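Engineer: Sharing a structure, written as structure tokens. Questions coming.
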Amino acid sequence: METSWAKLSQQISDCAACALCEGCTQKIPGQGDPSAPLMLIGEAPGEQEDRQGLAFVGAAGQLLTKMLEAIQITRESVYICNTVKCRPPNNRTPLPEETAACEPFLLAQWALVSPKVVLLLGSTAVRCVLGESYRITRCRGQWFERNGVAIMATYHPAALLRDQGRKREAWEDLKQVRQKLDTLGLYQALQRGEP
Ligand code: URA
């Protein structure tokens, strides 16, 4: 999908490619630096996101902010979005056909941001980006590469809220992201919030 931010925003707003749009208050495209070197992909908007119109602003989002702060990266300096742009009913996991319907938007965001590093948050983002056969428990903490972009997966912050025992592994993953950005000469810019 060849597009601009303005066109993409309109296309997302007009989208009725799956039934999720029938139950949500508004579309949540994502937000942050539109040319960020680091892009984060979560699962789907939840109740707070649906209400406020922004990705990752509920409890999981607050933990995500802290996780980024732990590696001295500001939220404003990254781009954050989800595999689907509409809140699924009762916060259920999006169905494969729903993530597939929304995939052109994710790909368009990816193309527009043109990140150097992508952090996948949780299993839905992993399956969507790496492939259906990938499992978060097996692939987290490892680097993958797609068209020159370094990709790391870690646990979704909501999973960390449910199971504190996974925090140590998530911390190791984040340290690897910091190191990769440093190696690519991008870490200082992210700390200062520069392009
Ligand atoms: N969980 C997600 O995956 N995304 C959000 O935006 C909020 C919670």
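When you read off a place in the sequence shown, starting at 1, and then add 140, the result is the number in our numbering.
Glycine residues also receive a C-beta, built at the ideal position from the N, C-alpha and C atoms.
All values reported here derive from a predicted model rather than from experimental measurement.
#1: Relative to the ligand URA, is the shortest distance from any of its heavy atoms to the C-beta of Asn222 smaller than 8 Å?
#2: Helix, strand or coil for Asn287, going by three-state DSSP, please let me know.
#3: What distance in whole Å lies between the Cβ atoms of Asp313 and Gly262, which are believed to be in contact at a cut-off of 8 Å?
#4: Indicate, with yes or no, if the ligand URA has a heavy atom lying under 8 Å from the CB of Phe196.
#5: In three-state terms, what does DSSP make of Cys158?
#6: With a Cβ-Cβ cutoff of 9 Å, do Ile291 and Leu259 count as a contact?
#7: If we count the other Cβ atoms within 10 Å of its Cβ and call it buried at 16 or more, is Ser273 buried or exposed?
#8: Nearest-angstrom Cα distance between Cys279 and Ala293?
#9: Please tell me whether Val269 has its Cβ less than 9 Å away from any Cβ of chain D.
#10: State the DSSP-derived secondary structure class of Leu247, mapped to helix, strand or coil.
#11: State the DSSP-derived secondary structure class of Cys164, mapped to helix, strand or coil.
#12: Counting Cβ pairs, one atom from each stretch, are 3 or more of them under 8 Å apart for the stretch 200–213 and the stretch 311–325?
Structural biologist: To lay it out plainly:
#1: Along the sequence shown, one-based indexing puts residue 222 at 82. Yes, the ligand URA has a heavy atom inside 8 Å of this Cβ.
#2: Residue 287 sits at position 147 when you count from the first residue of the sequence shown. Three-state DSSP puts Asn287 in coil, outside helix and strand.
#3: Along the sequence shown, one-based indexing puts residue 262 at 122. Along the sequence shown, one-based indexing puts residue 313 at 173. Contact doesn't hold; Cβ gap of about 12 Å is too wide.
#4: On the sequence shown, position 56 is the one that residue 196 refers to. Answer for Phe196: yes, Cβ within range of the ligand URA.
#5: As a working mapping, residue 158 is identified with position 18 in the sequence shown. The answer is coil: DSSP assigns Cys158 none of H, G, I, E or B.
#6: Counted from its first residue, the sequence shown places residue 291 at position 151. Counted from its first residue, the sequence shown places residue 259 at position 119. Yes, they are a contact pair.
#7: As a working note, residue 273 is residue 133 in the sequence shown. Counting Cβ neighbours within 10 Å, Ser273 comes out exposed, since fewer than 16 surround it.
#8: Residue 279 sits at position 139 when you count from the first residue of the sequence shown. Residue 293 sits at position 153 when you count from the first residue of the sequence shown. Rounded to whole angstroms, Cys279 to Ala293 spans 7 Å at the Cα level.
#9: The question asks about chain D, but that chain is absent: this structure has only one protein chain.
#10: As a position in the sequence shown, residue 247 is number 107, starting the count at 1. Leu247: helix per DSSP, three-state reduction.
#11: Against the sequence shown, residue 164 aligns to sequence position 24. Of the three classes helix, strand and coil, the one that applies to Cys164 here is coil, per DSSP.
#12: yes
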